[in-house]
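A short write-up of the structure that comes next.
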Amino acid sequence: MDGFDRVLCVHAHPDDESLWTGGTLARFAEQNVNTRVLTCTDGHLADAERLPHRIDELREALRILAAGEPRVLAPGADWANELTREIRSYRPNLVITYDAFGIYGHPDHIGTHRATLAAIEASAHTQIEPGSPWAIDELWLATLTERPDITIDVHPWLDTKWKAVRAHTSEFERGARINAFLDVAVRNEVLGTERFQQRHMHHSPELCCCSFY
Numbered sequence: 721m722d723g724f725d726r727v728l729c730v731h732a733h734p735d736d737e738s739l740w741t742g743g744t745l746a747r748f749a750e751q752n753v754n755t756r757v758l759t760c761t762d763g764h765l766a767d768a769e770r771l772p773h774r775i776d777e778l779r780e781a782l783r784i785l786a787a788g789e790p791r792v793l794a795p796g797a798d799w800a801n802e803l804t805r806e807i808r809s810y811r812p813n814l815v816i817t818y819d820a821f822g823i824y825g826h827p828d829h830i831g832t833h834r835a836t837l838a839a840i841e842a843s844a845h846t847q848i849e850p851g852s853p854w855a856i857d858e859l860w861l862a863t864l865t866e867r868p869d870i871t872i873d874v875h876p877w878l879d880t881k882w883k884a885v886r887a888h889t890s891e892f893e894r895g896a897r898i899n900a901f902l903d904v905a906v907r908n909e910v911l912g913t914e915r916f917q918q919r920h921m922h923h924s925p926e927l928c929c930c931s932f933y
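Taken in order, the sequence shown gives residues 721 to 933; the numbers are from our numbering.
Right under this line is the structure:
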């Protein structure tokens with residue numbers, strides 16, 4: 721986890737940033753790495769009256785994780801286009817999102833994965849406007865596969881991660897599956913480790929574009 725100055729996490733819903741990458745974000749913050757989270761939806765499948773609360777909850781979770789202010793895409797936004805703008809503006813060394821299966825098959829997670837990969841390619845291409853091209857160094861894909869490339873023991877940051885998860889109070893109140901983590905044993909086993917597939921980027925000097933290998 722050394723050598724990164726700026727890290728961008730791209731997630732589908734409020735609370736994903738805490739559940740799947742909260743320990744990693746907390747660890748980066750402890751190392752004084754600048755971190756940012758972009759959330760592709762505002763949880764619009766939830767009841768309308770809960771939406772402002774979800775953004776407030778996300779803001780509190782990001783405060784706990786020292787990951788800046790919420791950045792949530794507008795409904796109907798072109799995810800890949802907006803992500804390209806964000807990557808070119810923020811210029812991260814590392815981007816983190818979900819694996820191709822969206823960790824457990826959630827369609828929003830899968831859509832976020834695909835949009836993020838498209839944006840990484842687009843942001844590095846000199847012929848795509850607007851903004852100046854930017855090619856990242858690494859891509860990490862959060863995963864539950866048995867053979868991840870990176871396994872991070874986040875137990876030293878689990879208290880911080882759990883506080884960030886608990887900031888999403890409306891999810892607990894509505895009886896979502898997140899309540900399973902109220903069991904300390906389950907929490908320690910499932911949330912104490914974060915796993916990623918790692919993709920190094922190969923940069924083409926002619927186009928300033930990249931490919932995965």
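Ideal Cβ placement from N, Cα and C applies to all residues, glycine included.
Just so you know, these numbers come straight off a predicted model, no measurement behind them.
- By alpha-carbon distance to D873, the top candidate from I784, E909 and E789 is E909.
- In the structure shown, H920 adopts extended strand secondary structure according to DSSP, grouped into three states.
- Inclusion of A786 and A749 in the CB contact set at 8 angstroms is warranted, their separation being smaller than that value.
- Shown here, V753 sits in coil according to DSSP, grouped into three states, outside any helix or strand.
- In the structure shown, L758 falls within a strand segment according to DSSP collapsed to helix, strand and coil.
- Contact check for D869 against F821 fails: the beta carbons are separated by 8 angstroms or more.
- D903 and W882 have their C-alpha atoms roughly 12 angstroms apart.
- In this structure, G831 and W799 form a Cβ contact; the two beta carbons are roughly 7 angstroms apart against a cut-off of 8 angstroms.
- Exclusion of the five residues before and after E806 leaves L758 as the residues of its chain whose Cβ lies within less than 6 angstroms of its Cβ.
- A Cβ-Cβ separation of about 6 angstroms places N813 in contact with R726 under the 8 angstroms criterion.
- The C-beta of A746 has 16 or more other C-beta atoms within 10 Å across all chains shown, which makes the residue buried.
- In the structure shown, E914 adopts extended strand secondary structure according to DSSP, grouped into three states.
- With a cutoff of 8 angstroms on beta-carbon distance, L728 and Y824 are scored as not near each other.
- In the three-state reduction of the DSSP assignment, L793 falls in the coil class.
- Taking C-beta separations shorter than 6 angstroms and ignoring five residues to either side along the sequence, the partners of A842 in its chain run T804 and I848, following chain order.
- V906 is not a Cβ neighbour of L739, given a cutoff of 8 angstroms.
- Between D828 and T761 the beta-carbon gap is near 6 angstroms, inside 8 angstroms, which marks them as a contact.
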